[in-house]
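Protein chains in written order, with this note's numbering: chain A, 1 to 264; chain B, 1 to 264; chain C, 1 to 264.
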């Protein structure tokens, strides 16, 4: 927990020293700083990886933003995802990086429900906010509420979309009978929360048409989450926020054609 | 069989209700409607997936077409392939989607011929039309002939290229000693048929130079088919028409440079 | 050894007959001709694959160059990597192509050092030049020195960057405790050598700022090498020069923004 906070500061410091547009380049480095200590056992070398990862995340933000400029789409958290994936994948090859926190590589296999679904409704309030705190890779009711308050101060619409997105994602995943523990920990909703905010409030002015569009986007994000979990299972790395990035890119690229009037 | 037809109609209905350019956006939704019941056990939820998949296939057609516009290439069946892959991959994570029809995930291993090749020539006529019907994910002599007649009415050249493409693909796969049963079922030729039509007749006016170009394209499609079978074997999903999409993109992007005179 | 030389000549001959800009299109075909006999057991069919692979490498050079033109980046050795990957992957499906030289497909697992690191310094001189000769897929002190002399005649800066890149890569990989045998054979340095040449001398005029940029690029290439080794382990194919291609693209796309003054 402390490590996460310090890592975040390090990530930000590295950006600050560079004196570049911090707001835009900083958050990917910050997320790298949060993610690496979650999956790798802490050591001085992991600190080095965070510093290097922050620099690489800035370079890849520039690179991905330059590529996506062609289609007028933002890089979102893709630089964070690619940088972290590369470092986590490489940890298998380097014996000085201990990846105890990574899932064990295995073939995908059909998930079959074992628990009874009656215990479901008890925790839906917790699950709702776990999904929001899971964006920063931990499950916490308080953390989720704090993040939501911060978001509401910035934009009330964004906060409303975040809660509704989290709820809709839990509903979809439960309906499709995904692993109940994963749903409760917010593993099916954190990407959906980001998609809901991105499609619903950041990039478009809210309206009924945007609402329907966001609804489909959130449901699709849950399916992409399941698909990426399967895709990455033989590699033993987590999806991070890639489902959000893929679903948002898919819905934002043709956005200009479908709803030009509501585009900001 | 009946399910396939009904699914196709559903796929088309969804498009119709949207009242968008049906011809262009419809066929990817239609293919999603054919593919999902082939690999997933039918249930009301799979119907829901077909409806959602059709909507997603329209959004991804818009998205992919917008991206490829930069290089003046068509989306082909890529929206169908990506949409279906995502739903099939996600079926592993959701216990309400039973993926009994999917191949079992396994490591790639060198294929070694066991059957003797003398029984080969007996079925080459069947294999030829299986390759054409396999585009719609089933092996049938009658189905292949019916599809070919439909194609011939539209364009005689396309039908000729389809038959020649299927024959050349069977020849190449047999020469490279692929699994004989797979060849007979048309699994090495359905993508090659589409490549032959796309490179030979749809996008370019037929000529000797186009013919040589198409010949290489068809042989390459068979190799890409083998490569994608290997690539996807740890994930337990089928290649669908991706070999056709990859080979056609590869040969169409530099097309303007190699043969500008024959370009329509 | 002899086969490699003859294959190289074949690769070049195919290009010559086409009478196209040999210098630009030839080297990818040449590398395909070197790579295939390294991983596949020689047979007349492999010769056919080399000829087909050379043609495909020219088409994919045109295709990739056309795509990357949008962001003003070169295709580098990407056409060689993709063409060879496809043929090697397909060799699993075709029993007439024996892929005895390919690594066995397996799940990624954390590498743990067994040897003691004291024997390290004895061979660092050998390792240095193995990394350079490994670009052409073999480990040889003499081969590395000969290649370096050839490079020095063309450009002294390029040769200096090659040696420094190889040394820095060995240092980084040793520091991260990668498999010592792999380091000694140059498997962690051949891509780093190419990155050092590309970032340091070919695309930019050398300066202190370029030097720092190249330094990070080389260290990152070693990490990408480890990541791609993990990524490809379930598929049983080698990384080839993909780490170089990925790292160089990442650093070259935003290059115009970071250092426009030094850009040639």
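For every residue, glycine included, the Cβ atom is placed at its ideal position computed from N, Cα and C.
Note that the structure is predicted; figures quoted are calculated from it, not measured.
Rounding to the nearest angstrom, what Cα-Cα distance links residue i and residue j in this structure?
i, j, result
"residue 44 of chain C", "residue 95 of chain B", "49 Å"
"residue 164 of chain A", "residue 193 of chain A", "8 Å"
"residue 154 of chain B", "residue 189 of chain B", "21 Å"
"residue 103 of chain B", "residue 97 of chain B", "15 Å"
"residue 52 of chain A", "residue 150 of chain C", "34 Å"
"residue 134 of chain B", "residue 177 of chain B", "20 Å"
"residue 240 of chain B", "residue 100 of chain B", "17 Å"
"residue 132 of chain B", "residue 67 of chain A", "38 Å"
"residue 175 of chain B", "residue 219 of chain B", "11 Å"
"residue 42 of chain C", "residue 36 of chain C", "9 Å"
"residue 157 of chain A", "residue 255 of chain A", "20 Å"
"residue 215 of chain C", "residue 57 of chain B", "44 Å"
"residue 237 of chain C", "residue 236 of chain A", "18 Å"
"residue 230 of chain C", "residue 40 of chain C", "22 Å"
"residue 228 of chain B", "residue 90 of chain C", "7 Å"
"residue 243 of chain A", "residue 250 of chain A", "11 Å"
"residue 234 of chain A", "residue 234 of chain B", "7 Å"
"residue 93 of chain B", "residue 191 of chain B", "29 Å"
"residue 29 of chain C", "residue 201 of chain B", "29 Å"
"residue 81 of chain C", "residue 209 of chain A", "45 Å"
"residue 184 of chain C", "residue 232 of chain C", "21 Å"
"residue 27 of chain B", "residue 50 of chain B", "13 Å"
"residue 83 of chain C", "residue 173 of chain B", "18 Å"
"residue 282 of chain A", "residue 72 of chain A", "Residue 282 of chain A is absent from the model: chain A starts at 1 and stops at 264."
"residue 78 of chain A", "residue 62 of chain A", "11 Å"
Does the beta-carbon of residue i have 16 or more other beta-carbons within 10 angstroms, so that it is buried, or is it exposed?
i, result
"residue 85 of chain C", "buried"
"residue 113 of chain A", "exposed"
"residue 212 of chain B", "exposed"
"residue 125 of chain B", "exposed"
"residue 207 of chain C", "exposed"
"residue 181 of chain A", "exposed"
"residue 142 of chain A", "exposed"
"residue 221 of chain B", "buried"
"residue 226 of chain A", "buried"
"residue 48 of chain C", "exposed"
"residue 109 of chain C", "exposed"
"residue 127 of chain C", "buried"
"residue 106 of chain B", "exposed"
From which residue to which residue does the alpha helix (DSSP H) around residue i run?
i, result
"residue 86 of chain A", "78-91"
"residue 46 of chain C", "44-68"
"residue 71 of chain C", "Residue 71 of chain C -> no alpha helix (DSSP H), and no H or E assigned at all."
"residue 98 of chain A", "No alpha helix (DSSP H) holds residue 98 of chain A; DSSP gives it neither H nor E."
"residue 183 of chain A", "180-184"
"residue 188 of chain B", "Unbroken run through residue 188 of chain B: none, as it is neither H nor E."
"residue 244 of chain C", "242-252"
"residue 129 of chain B", "124-133"
"residue 174 of chain B", "156-175"
"residue 224 of chain A", "208-232"
Could you round the C-beta distance between residue i and residue j to whole angstroms and report it? I think they count as a contact, below 8 Å.
i, j, result
"residue 33 of chain A", "residue 54 of chain A", "7 Å"
"residue 278 of chain C", "residue 76 of chain C", "The requested residue 278 of chain C is not part of the displayed model; chain C covers only 1 to 264."
"residue 137 of chain B", "residue 70 of chain B", "Contact flag wrong, Cβ pair sits at about 31 Å."
"residue 162 of chain A", "residue 148 of chain A", "6 Å"
"residue 265 of chain B", "residue 186 of chain B", "Here chain B comprises residues numbered 1 to 264, so residue 265 of chain B is not present and cannot be evaluated."
"residue 145 of chain B", "residue 129 of chain B", "6 Å"
"residue 247 of chain C", "residue 195 of chain C", "5 Å"
"residue 223 of chain A", "residue 197 of chain B", "In fact, because the Cβ distance is near 32 Å, the residues do not count as touching under 8 Å."
**Asked** At a Cβ cut of 9 Å, what residues of the segment 45-71 of chain B count as close to chain C, listed as they run along the chain?
**Response** 70 and 71
**Request:** Identify each residue in the segment 150-176 of chain B for which the Cβ-Cβ distance to at least one residue of chain A is less than 8 Å, and report them in chain order.
**Result:** none
**Prompt:** Which residues, in order along the segment 85-98 of chain A, keep a beta-carbon less than 9 Å from a beta-carbon of chain C?
**Reply:** 85, 86, 87, 88, 89, 90, 91, 92, 93, 94, 95, 96, 97 and 98
**Request:** Would you list, in chain order, the members of the segment 128-152 of chain A that have their beta-carbon closer than 9 Å to a beta-carbon of chain C?
**Result:** none
**Item:** Residues of the segment 224-244 of chain C whose Cβ lies closer than 7 Å to any Cβ of chain B, in chain order
**Value:** 234, 235 and 236
**Request:** For the segment 187-216 of chain B, enumerate the residues whose C-beta is nearer than 8 Å to any C-beta of chain C, in chain order.
**Result:** 216
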